[in-house]
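Enquirer: This is the structure I want to talk about, given as structure tokens.
In the numbering used here, the protein residues as written are 1 to 257.
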């Protein structure tokens, strides 16, 4: 595909977000978390001074595979999913129902990742939810919410319940549906999804074996303090992000065009 570059058209701040978001789509594909053209990753677009729309978001052009998305192909939309700029691509407005609920309910969230992976859906369908059986799970359980399945997410009245169930959490398990993570940056949201997805894969694998050993409650209670001691002022996601971009440059370049 020949897609005109927007690098000299949009602001430098918006271009930086576009590059990170396009990279995130390709990393999701690289890790095998995509669902053909379904699911979405959205990011807040920096608001231009005097912009007509108070809330602007970037999302994937509907119909493109995640591994072919570029910074310039991402579509800018408003909170209702309407396109705000010229683009030859359509947007799945229904698919933005979940994302708009999260963005409007959490001003601190810059990026929302939603997946339909087999392990994620499998654990979301288990009454017990995510179990404290792995180190990965312990990093998630302190900030994990659950949202009951209401069918295809096309009804706007569900948004209030989505906002309630996410609350202040950074991870949300959509029952019988999939996983969702949020972050103040694309990097943070991606790292959280990596950890949540890993915890689900471990659980499904472990359940095929013998009796499970649960992490002790006192250990779970100390996770946040241990994390603060380990990572200091910089999140693990942002520490890993430059290395992830270098990997993309080696195996799937072109996201930043």
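Note that beta-carbon positions come from the ideal geometry of N, C-alpha and C, so glycine has one too.
Report yes if the CB atom of residue 170 is closer than 7 Å to the CB atom of residue 192, and no otherwise.
Expert: Reading the chain shown from its first residue, position 170 is the one you call residue 170. Reading the chain shown from its first residue, position 192 is the one you call residue 192. It is a contact, given that the beta carbons lie within the stated cut-off.
Enquirer: Run through the DSSP bridge pairs and tell me what residue 43 is partnered with.
Expert: Counted from its first residue, the chain shown places residue 43 at position 43. In the DSSP output, where bridge partners are listed per residue, residue 43 has 58 and 111.
Enquirer: With DSSP run on the structure shown, which of helix, strand or coil describes residue 38?
Expert: The residue you call residue 38 lines up with position 38 of the chain shown. The answer is strand: DSSP assigns residue 38 an E or B state.
Enquirer: Comparing C-alpha positions only, which one of 142, 146, 16 and 182 sits nearest to residue 46?
Expert: In the chain shown, residue 46 corresponds to position 46, counting from 1. Closest option to residue 46, Cα to Cα, is 16.
Enquirer: Pull up the distance between the alpha-carbon of residue 97 and that of residue 153, whole angstroms please.
Expert: Taking the first residue of the chain shown as position 1, residue 97 is located at position 97. Taking the first residue of the chain shown as position 1, residue 153 is located at position 153. About 7 Å.
Enquirer: Along the alpha helix (DSSP H) that carries residue 138, what are the first and last residues, could you check?
Expert: In the chain shown, the residue the question calls residue 138 occupies position 138. Per DSSP, residue 138 belongs to the alpha helix (DSSP H) from 135-141.
Enquirer: Residue 99 lies in the beta strand (DSSP E); which residues open and close that run?
Expert: Counting from 1 along the chain shown, the entry for residue 99 is found at position 99. Segment 96-105 is the alpha helix (DSSP H) holding residue 99; no beta strand (DSSP E) there.
Enquirer: Cutting at 8 Å between CB atoms, please list the residues of its own chain near residue 67, excluding the five before and the five after it.
Expert: Working through the chain shown from its first residue, we reach residue 67 at position 67. Excluding residues within five positions, the ones whose Cβ falls inside 8 Å are 25, 26, 29, 30, 34 and 252.
Enquirer: Under three-state DSSP, which class holds residue 146?
Expert: By one-based count along the chain shown, residue 146 stands at place 146. Correct three-state label for residue 146: strand.
Enquirer: From which residue to which residue does the alpha helix (DSSP H) around residue 191 run?
Expert: Numbered from 1 along the chain shown, position 191 holds the residue referred to as residue 191. Unbroken alpha helix (DSSP H) run through residue 191: 186-206.
Enquirer: Let me make sure I understand the geometry here. Which of 71, 215, 179 and 188 has the alpha-carbon closest to that of residue 9?
Expert: The count along the chain shown starts at 1 and reaches residue 9 at position 9. Checked all of 71, 215, 179 and 188; the closest Cα to residue 9 is 71.
Enquirer: Any idea which residues DSSP pairs residue 77 with across the strands?
Expert: By 1-based counting over the chain shown, the position of residue 77 is 77. According to DSSP, residue 77 bridges with 57 and 83.
Enquirer: Taking 8 Å as the threshold, find out whether the stretch 193-210 comes into contact with the stretch 115-133 through three or more Cβ pairs.
Expert: Touching, per the Cβ criterion.
Enquirer: Exposed or buried, which one is residue 76 when buried takes at least 16 other CB atoms within 10 Å?
Expert: For the purposes of this step, residue 76 is taken as the residue at position 76 of the chain shown. Counting Cβ neighbours within 10 Å, residue 76 comes out buried, since at least 16 surround it.
Enquirer: For residue 13, which residues in the same chain have their Cβ closer than 6 Å to its Cβ, ignoring the five residues on either side in sequence?
Expert: On the chain shown, residue 13 is found 13 positions in, with the first residue counted as 1. Here the set comprises 46.
Enquirer: Let's test the definition: count the other Cβ atoms within 10 Å of the Cβ of residue 61 and tell me whether it reaches 16, buried, or not, exposed.
Expert: To locate residue 61, count along the chain shown from 1; it is residue 61. Classification for residue 61: buried.
Enquirer: Assuming residue 257 contacts residue 5 (C-beta within less than 8 Å), just tell me the rounded distance between them.
Expert: As a working note, residue 257 is residue 257 in the chain shown. As a working note, residue 5 is residue 5 in the chain shown. The pair is a contact, with the Cβ atoms about 6 Å apart (cut-off 8 Å).
Enquirer: Using the rule of at least 16 other Cβ atoms within 10 Å of the residue's Cβ for burial, across every protein chain shown, is residue 218 buried or exposed?
Expert: Locating residue 218 in the chain shown gives position 218, counting from the first residue. Exposed, because fewer than 16 other Cβ atoms sit within 10 Å of the Cβ of residue 218.
Enquirer: So, with DSSP's three-state summary, where would you put residue 258?
Expert: The chain is shown only over 1 to 257; residue 258 falls outside these bounds and no answer can be derived.
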